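Numbering (my numbering), first residue to last: 20 to 228.
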Amino acid sequence: MFDAYIKAFMVLFVVVDPVSMAPIFMVMTHGATVAYRRRMAIKGVLVAGGILFFFLLVGDTLLKVLGVSLGAFRIAGGLLMFLVALDMVFPKNFHMREPSKDERKEAEEREDISVFPLAFPLLAGPGALTTLMLMLPAQDQGDPLHYVFVGAVILGVLLITLISLLVSGKITAFMGETGANLLSRLLGLVLAALSVQFVLDGIRTTLGA
């Protein structure tokens, strides 16, 4: 039982990628005070947590209303996660997680970057939301204890992310751009393998239904 939650933690950790968020956060808050960075990090993680928990509670209901089976969502989610993995391995060619030019311009003109683009789409983007649905086995839906464990997974990843953002300056200085890129590529490879597994699970679920 707990193996599934450990796997869920690993997948969400790879998708959110707290370590790689550190240099991105440093760029977005370049020239800002330490107090401003701390405020943006805390608020951004709180908003991202709100988005993730909201989707955790209503995501399954939303799928039922739309008539989408969990197997179909697993296949679609696995394909989406595979694209995210490709973006991590080959960042110059895909840019799935990178905000558009208009989004970057808007972020530069705004003083508060905690909601956009930090909370969404960087932390609680489509990949993270998809991951939440993929970690909801059909047999466990409706079990309050299951949602408690998934909530703990979300809190754990967000806590690590918050710490990463708060010490982003030290992480960036220690790892350097090359080290951060190498780690991102390694995590992308792991995520690619997991996304393929999700697609296979979705196909198996659909055929067995």
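We treat Cβ as the ideally placed atom computed from N, Cα and C, and that holds for glycine. Computed from a prediction, not measured in an experiment: that's the story for all the values here.
Any C-beta of chain E under 8 Å from that of residue i
i	result
Phe73	Of the protein chains in the structure, only one exists, and it is not chain E.
Which of helix, strand or coil DSSP assigns to residue i
i	result
Ser88	coil
Ala67	helix
Ala80	The question names Ala, yet the displayed sequence has Thr at residue 80. Looking at Thr80 - three-state DSSP - the assignment turns out to be helix.
Thr52	coil
Ile132	coil
Met194	helix
Met154	coil
Val186	coil
Gly144	coil
Phe32	helix
Residue i versus the options, residue with shortest Cα-Cα distance
i	options	result
Val34	Phe21, Val64, Met107	Met107
Phe21	Ile70, Pro136, His165, Asp220	His165
Ala104	Asp220, Arg223, Leu206	Leu206
Leu31	Leu65, Ile179, Asp162	Ile179
Pro136	Phe73, Asn200, Leu98, Met47	Met47
Residue i versus residue j - alpha carbon distance
i	j	result
Gly50	Gly188	12 Å
Glu130	Thr149	29 Å
Status (buried if at least 16 other CB within 10 Å, exposed otherwise) for residue i
i	result
Val169	buried
Ala171	exposed
Gly221	buried
- Just checking, does the segment 192-199 make contact with the segment 37-49 on the three C-beta pairs under 8 Å criterion? Taking 8 Å as the limit for Cβ pairs, the verdict is that the segment 37-49 does touch the segment 192-199.
- Message: Count Cβ pairs between the segment 85-103 and the segment 216-225 that sit closer than 8 Å; are there 3 or more?
- Response: Touching, yes, given that three or more Cβ pairs across the two stretches are closer than 8 Å.
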